[in-house]
Amino acid sequence: MNCLSKWRDGIRAHLQSTFPVFTPDQRNITLSLISFSVVSVLLRAFPRRCCHAKVRRSSAADEAPHPQADPRRPAAARTGRENTPSPPMSHLKFGNKKLPNAIIVGVKKGGTRAVLEFIRIHPDVRAAGTETHFFDRNYDRGLEWYRGLMPRTLESQITMEKTPSYFVTKEAPRRISAMSQETKLIVVVRDPVTRAISDYTQTLSKTPDLPSFQDLAFRNQSLGIVDVSWNAIRIGLYALHLENWLRYFPLAQIHFVSGERLITDPAGELARVQDFLGLKRIVTDKHFYFNRTKGFPCLKKPESSGSPRCLGKSKGRTHVQIDGDAIEQLRDFYRPYNVKFYEMVGHDFKWE
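FYI, in the UniProt record's numbering the residues of the sequence shown are 1 to 352.
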């Protein structure tokens with residue numbers, strides 16, 4: 001009983017850390033179901049070892065003579081079930097690794113990490129820990145390799161991953177559709193001008209000798225000719241990239257998150273994400289705390305006095321200062337693409 005108690009206490013602690021939004025009653029119910037499942041598996045695997053008392057047969061069966069073993073039969077054939085190998089211990093692990101039901105496909109520096117961190121506190125969501133880059137860099141490794149990167153999930157849980165470079169990868173929509181046409185897609189979008197500046201700021205922090213933003217963004221700034229070959233500019237052409245995705249997925253299967261509203265109203269944006277994924281609205285405003293120093297929302301446990309959990313140090317990084325004329329030129333450049341994007345998705349993000 002001491003071992004069983006320690007095991008139950010360990011599982012209870014694991015449930016509390018994994019599903020912080022569960023109430024004590026929900027955790028106890030889940031613990032009972034897990035205990036029942038484990039005992040059932042053990043009884044099937046070790047039927048004679050798990051029971052201390054043997055069930056006696058009927059008196060007629062006790063009195064019946066036991067047949068003599070046939071010495072001509074091999075030992076393995078005579079022993080039957082007693083020598084059946086036990087199932088591997090992997091069967092005792094909970095859940096299975098499944099291909100993702102939903103993927104956050106973009107965009108870089110739009111707020112994809114925040115969406116993943118916020119939605120994964122939902123008890124019915126499990127997500128891969130890192131960007132897999134399967135559909136852009138590792139596709140030749142095959143779907144089983146990809147499945148192996150996923151967390152174990154129960155039947156009722158959703159498996160997710162996020163790799164924001166998928167949105168601008170030409171082959172990604174076709175490859176994801178080939179995996180499953182039912183995959184739900186999430187795209188976090190942001191004002192393409194501020195997104196490009198954020199992208200440049202991140203790169204500059206790793207490469208201090210990088211040319212200036214203006215030198216990279218323009219072929220000829222005096223004439224207002226933008227260099228669309230620069231990745232930081234190209235990513236913001238949302239309408240062009242979306243056209244490629246709509247060849248393989250209906251618009252209803254793609255959910256767009258506003259990167260701006262994700263900062264000012266994270267609970268509202270997460271409510272819409274949960275609706276899109278068919279989840280109960282468990283992640284609410286009580287899970288968020290706005291960090292005024294960083295200018296970003298942080299996660300907190302409901303009814304807890306503990307410190308909120310904020311995203312990495314890079315979140316809230318001060319952007320480099322860009323010439324005002326350059327910003328206006330970029331806004332003029334992106335404006336027709338933005339208008340087309342608004343029309344395609346049926347929503348005005350008001351990027352001006």
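Don't be surprised by glycine CBs; every beta carbon is placed ideally from N, CA and C.
Do residue i and residue j have their C-beta atoms closer together than 8 angstroms?
i: N96; j: T183; result: no
i: V188; j: G259; result: yes
i: L262; j: A114; result: yes
i: P302; j: Y289; result: no
i: residue 356; j: A102; result: Shown here, the chain extends from 1 to 352; a query on residue 356 therefore has no answer.
i: K109; j: Q253; result: no
i: P266; j: F118; result: yes
i: Q181; j: A326; result: no
i: T169; j: D140; result: no
i: V283; j: I121; result: yes
i: R190; j: G111; result: yes
i: Q321; j: G224; result: no
i: M150; j: K98; result: yes
i: N291; j: C310; result: yes
i: V226; j: H255; result: no
Which residues does DSSP list as the beta-bridge partners of residue i?
i: E161; result: I103
i: R331; result: Answer by DSSP bridge pairing: none, since R331 is not bridged.
i: residue 367; result: Limits of the chain in this structure are 1 at one end and 352 at the other, which puts residue 367 out of reach.
i: C310; result: Paired residues: none, contrary to the question.
i: P297; result: F290
i: I282; result: Note: I282 sits in no beta bridge, so no partner.
i: R126; result: T159
i: H255; result: I186
i: I225; result: N220
Among the options, whose alpha-carbon lies nearest the alpha-carbon of residue i?
i: D323; options: K300, G259 and A217; result: A217
i: P250; options: P173, T169, Q157 and L99; result: P173
i: G295; options: Q274, T169, T264 and K286; result: T264
i: D124; options: S156, R141 and Q329; result: S156
i: Y248; options: A178, G148 and V273; result: A178
i: Y166; options: N291, V320, N244 and P211; result: N244
i: P308; options: K286, P151 and L99; result: K286
i: F213; options: R219, T207 and Y200; result: Y200
i: M194; options: Y334, D348, R292 and Y146; result: Residue identity check: residue 194 is Thr in the sequence provided, not Met. It is Y334 whose Cα lies nearest to the Cα of T194.
i: S198; options: R219, L223, V107 and V257; result: V107
i: V228; options: V273, P208, H255 and P192; result: P192
i: L185; options: P100, G148 and R219; result: P100
i: A196; options: A232, D209, T207 and I176; result: A232
i: D348; options: R175, V257, D209 and L143; result: V257
i: L299; options: H319, Q274, L270 and E144; result: L270
i: I176; options: L246, R281 and D332; result: L246
i: T293; options: T318, D275 and K340; result: T318
i: F276; options: I158, N138 and R147; result: I158
i: R219; options: D209, W230 and L210; result: W230
What are the boundary residues of the alpha helix (DSSP H) that includes residue i?
i: L185; result: Here L185 belongs to no alpha helix (DSSP H); instead the beta strand (DSSP E) covers K184 to V189.
i: S198; result: P192 to K206
i: D275; result: P266 to F276
i: H241; result: Y238 to W245
i: G148; result: L143 to G148
i: S212; result: That residue, S212, is in no alpha helix (DSSP H); it is neither H nor E in DSSP.
i: E117; result: T112 to I119
i: P173; result: A172 to M179
i: N231; result: N231 to R234
Below 7 angstroms, is the gap between the Cβ of residue i and the nearest heavy atom of the ligand ADP?
i: K162; result: Looking for the ligand ADP in the displayed structure turns up nothing, as the structure carries no ligands at all.
Query raised in the report: How do the region 157-174 and the region 124-140 stand: do at least 3 beta-carbon pairs fall below 8 angstroms, yes or no?
Result: Counting Cβ pairs under 8 angstroms, three or more are found: they touch.
Query raised in the report: Are the region 229-249 and the region 336-351 in contact at 8 angstroms, needing three or more beta carbon pairs?
Result: Yes, they touch.
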